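For the working numbering, add 11 to where a residue sits in the sequence shown, where the first one is 1.
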Amino acid sequence: MQSTTHTKRSGEWWVGWIEEVSGVNCQERTREALRQSLAETLSEALDFNRCEALAAAGDDYQEEKVVIT
(Lines of atoms letter the chains of each structure in order from A; the text may use other names.)
(Lines give C-alpha, C1' and ligand atoms only; values in the text may rest on other atoms or scores of the structure.)
Protein backbone atom coordinates (compact mmCIF):
# COMPACT_ATOMS: atom_id res chain seq x y z
CA MET A 12 0.00 0.00 0.00
CA GLN A 13 1.20 3.49 -0.75
CA SER A 14 0.09 6.67 1.01
CA THR A 15 1.02 10.33 0.84
CA THR A 16 2.56 12.12 3.81
CA HIS A 17 2.69 15.84 4.38
CA THR A 18 5.45 16.85 6.79
CA LYS A 19 6.88 20.12 8.02
CA ARG A 20 9.11 21.56 10.70
CA SER A 21 7.24 23.39 13.46
CA GLY A 22 9.60 24.90 15.98
CA GLU A 23 11.63 22.07 17.50
CA TRP A 24 9.25 19.40 16.19
CA TRP A 25 8.46 17.68 12.91
CA VAL A 26 4.72 17.27 12.31
CA GLY A 27 3.00 15.23 9.62
CA TRP A 28 -0.23 13.80 8.28
CA ILE A 29 -1.35 10.98 6.02
CA GLU A 30 -3.36 12.55 3.22
CA GLU A 31 -5.61 9.59 2.51
CA VAL A 32 -6.69 8.72 6.07
CA SER A 33 -8.25 11.33 8.32
CA GLY A 34 -6.92 11.39 11.86
CA VAL A 35 -3.51 9.87 11.12
CA ASN A 36 -1.09 12.55 12.28
CA CYS A 37 2.03 12.59 14.44
CA GLN A 38 4.81 14.77 15.76
CA GLU A 39 8.40 13.79 16.53
CA ARG A 40 11.76 15.40 17.19
CA THR A 41 13.31 14.13 13.92
CA ARG A 42 11.97 13.73 10.40
CA GLU A 43 12.97 10.05 10.29
CA ALA A 44 11.20 9.34 13.59
CA LEU A 45 8.14 11.14 12.21
CA ARG A 46 8.11 9.01 9.07
CA GLN A 47 8.26 5.85 11.17
CA SER A 48 5.53 7.07 13.55
CA LEU A 49 3.28 7.93 10.61
CA ALA A 50 3.77 4.46 9.09
CA GLU A 51 3.04 2.73 12.42
CA THR A 52 0.02 4.93 13.14
CA LEU A 53 -1.37 4.33 9.65
CA SER A 54 -0.97 0.57 10.08
CA GLU A 55 -2.77 0.69 13.43
CA ALA A 56 -5.58 2.84 12.03
CA LEU A 57 -6.12 0.47 9.10
CA ASP A 58 -6.16 -2.56 11.40
CA PHE A 59 -8.67 -0.83 13.68
CA ASN A 60 -10.89 0.16 10.73
CA ARG A 61 -10.70 -3.38 9.34
CA CYS A 62 -11.81 -4.87 12.67
CA GLU A 63 -14.68 -2.39 12.95
CA ALA A 64 -15.83 -3.12 9.39
CA LEU A 65 -15.80 -6.89 9.98
CA ALA A 66 -17.71 -6.52 13.25
CA ALA A 67 -20.32 -4.34 11.55
CA ALA A 68 -20.69 -6.78 8.64
CA GLY A 69 -21.81 -9.64 10.85
CA ASP A 70 -21.85 -13.19 9.48
CA ASP A 71 -23.33 -12.92 5.98
CA TYR A 72 -21.14 -10.68 3.83
CA GLN A 73 -18.98 -10.75 0.71
CA GLU A 74 -15.46 -9.39 0.60
CA GLU A 75 -14.09 -7.78 -2.57
CA LYS A 76 -10.91 -5.86 -3.35
CA VAL A 77 -11.11 -2.34 -4.76
CA VAL A 78 -8.33 -0.86 -6.87
CA ILE A 79 -8.09 2.90 -7.21
CA THR A 80 -6.09 4.24 -10.12
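Quick reminder that beta carbons are idealized off the backbone N, C-alpha and C, glycines included.
Since we're looking at a predicted model, the values are computed, not measured.
Residue i versus the options, residue with shortest Cα-Cα distance
i, options, result
"residue 35", "21, 65, 58, 41", "58"
"residue 25", "44, 14, 15", "44"
"residue 13", "54, 22, 74", "54"
Outcome for residue i when other beta-carbon atoms lying within 10 angstroms are tallied against a minimum of 16
i, result
"residue 29", "buried"
Neighbourhood of residue i by C-beta distance below 8 angstroms, restricted to the same chain and skipping five residues each side
i, result
"residue 41", "25"
Whole-angstrom C-beta distance between residue j and residue i, which should lie under 8 angstroms
i, j, result
"residue 56", "residue 32", "6 angstroms"
"residue 16", "residue 27", "5 angstroms"
Close-in-space but distant-in-sequence residues of the same chain around residue i (CB under 7 angstroms, 5 per side omitted)
i, result
"residue 37", "27, 45, 48, 49, 52"
Contact set for residue i: own chain, Cβ-Cβ below 6 angstroms, skip 5 residues either direction
i, result
"residue 79", "none"
Minimum length 3: unbroken beta strand (DSSP E) runs contained in the segment 15 to 74: 16 to 21, 24 to 29, 36 to 39
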